[in-house]
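Trainee: Converting from the sequence shown to the numbering used here requires adding 52 to each position, the first position being numbered 1. All residues carry an ideal CB built from backbone N, CA and C; glycine is no exception.
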Amino acid sequence: AGNRIILNFLISRPHIRHMTLPAEVSDDPPQAAAANGASSDNDSSSAPASSAKLSRKLSISEMASASSTRRVATPKWLSCWLEFPFRIKNNQTGEYVEEATAHAMDYSARGPINQCGSFVGSAMIRLAAVKAMKAGTPTIYGMKPSSVLTVASLIVNISAGVTMPFVGALVDHTDHRKIMGTVSAFIMTVAVAVQIAISEDTWLAVWIFEIIGGYFLIMHQVCTMAYLPDLTHESAE
C-alpha cells in the first residue's frame, strides 16, 4: 500500500519524477560503511572463519612478538608436547589463542608452589620455635616464632606496594613484559626449589628465600595480567 501511494504521487507530479531520494542514514563511520560495502560485494568469495584476522588493535605484547627475530625459540615439537593439554581454541575464528594457553599453564604451575609454601611455612614456624627454646628466649632474631610468616608477608607486601607501580608502568608501556615475566618466574622457581633444604640450621635462609619468592610471585602476576586483553581475538569480548 505504501509503494502504491508513492507511485501515484510521482505520476501526479512529473516534475519530481527524476529527483534523487535521500540515502538511508547510517550510524556507522565512513570507514566502517566502506568496509561493509566491500564485504557485501565479496560475500561470495569471503575467507572461512578460521582464517579471520584480529578485529581489534594489536596489543604491545603482540606487536613485540610480531617484530621478534625468533632467534631464540622453543623447539616446535617440545612446545606442542608441553602445551597440548592446555590448548584453547577461539570458538569464533577457530584459531588457537596462545596467550590463553600460557595463562592455563601458568595457573597450573602456581598450585604446587602454593602447596610448597604451606608445608614449608609450618615447618619454618616449628624450627624457629625449637631454635628459640634452645636459646632460652621467647623470640628469635627479634621475632616470635609464631610470627615469622606474618613478618615475611609484611615485608613482601610493603616492598610490592612501593615498587609494583613502577613495574606495572614498564610492563604496560614497554615491550619488555615477556622477559620480565620470564625472569620473575625463574627467580620465583629457584627461590621455592631451594626451600627443600630447610632444617634447624637453615630455616633463616629459607625464610629469606620465602620473602624473595613471594615478591617475585607478585611481580610475575603483574606481568601475566598485562596479557589479559590478548586472551581473545574479538574486541567486543
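Beta-carbon within less than 8 Å of Tyr267's beta-carbon, same chain only, minus the 5 sequence neighbours each way: which residues are those?
Mentor: Residue numbering aside, residue 267 sits at position 215 when the sequence shown is read from its first letter. These residues qualify, in order along the chain: Val208, Ser211 and Ala212.
Trainee: Does the Cβ of His272 have 16 or more other Cβ atoms within 10 Å, making it buried, or fewer, making it exposed?
Mentor: As a working note, residue 272 is residue 220 in the sequence shown. With 16 or more other Cβ atoms within 10 Å, it is buried.
Trainee: Can you tell me which of the three DSSP states Tyr267 falls into?
Mentor: Within the sequence shown, residue 267 is the residue found at index 215, counting from 1. Reduced to three states, the DSSP call for Tyr267 is helix.
Trainee: Can you find the residues in the same chain that come closer than 6 Å, C-beta to C-beta, to Glu262, ignoring five residues on each side of it along the sequence?
Mentor: Residue mapping note: residue 262 aligns to position 210 of the sequence shown, counting from 1. Closer than 6 Å at the Cβ level, and outside the excluded window around Glu262, lie Ala204.
Trainee: Taking the alpha-carbon positions, what's the Tyr279 to Ile140 distance?
Mentor: Within the sequence shown, the letter at position 227 stands for residue 279. Within the sequence shown, the letter at position 88 stands for residue 140. Going by the C-alpha atoms only, they are around 15 Å apart.
Trainee: Take every Cβ of the stretch 159 to 178, pair it with every Cβ of the stretch 247 to 265, and state whether three or more of those distances are shorter than 8 Å.
Mentor: Touching, per the Cβ criterion.
Trainee: Could you give the uninterrupted runs of the alpha helix (DSSP H) lying entirely in the stretch 207 to 289, keeping only those of 4 residues or more?
Mentor: Segments of the alpha helix (DSSP H) lying fully in the stretch 207 to 289: 229 to 245 and 255 to 277.
Trainee: Per DSSP, what kind of secondary structure is Tyr193 in: helix, strand or coil?
Mentor: For the purposes of this step, residue 193 is taken as residue 141 along the sequence shown, with counting starting at 1. Note: Tyr193 maps to coil in three-state DSSP.
Trainee: If you scan the stretch 133 to 209 from start to end, which runs of the alpha helix (DSSP H) of 4 or more residues do you find wholly inside it?
Mentor: Complete alpha helix (DSSP H) runs here, min 4: 150 to 187.
Trainee: Let me know if Arg178 comes out buried or exposed under the rule of 16 or more other beta-carbons within 10 Å of its beta-carbon.
Mentor: To locate residue 178, count along the sequence shown from 1; it is residue 126. Label assigned to Arg178: exposed.
Trainee: What number of angstroms, rounded off, separates the C-alpha of Gly265 from the C-alpha of Leu256?
Mentor: To locate residue 265, count along the sequence shown from 1; it is residue 213. To locate residue 256, count along the sequence shown from 1; it is residue 204. Rounded to the nearest angstrom, the two C-alpha atoms are 14 Å apart.
Trainee: Cα separation between Trp129 and Pro137?
Mentor: Reading the sequence shown from its first residue, position 77 is the one you call residue 129. Reading the sequence shown from its first residue, position 85 is the one you call residue 137. In a straight line, the C-alpha of Trp129 is about 14 Å away from that of Pro137.
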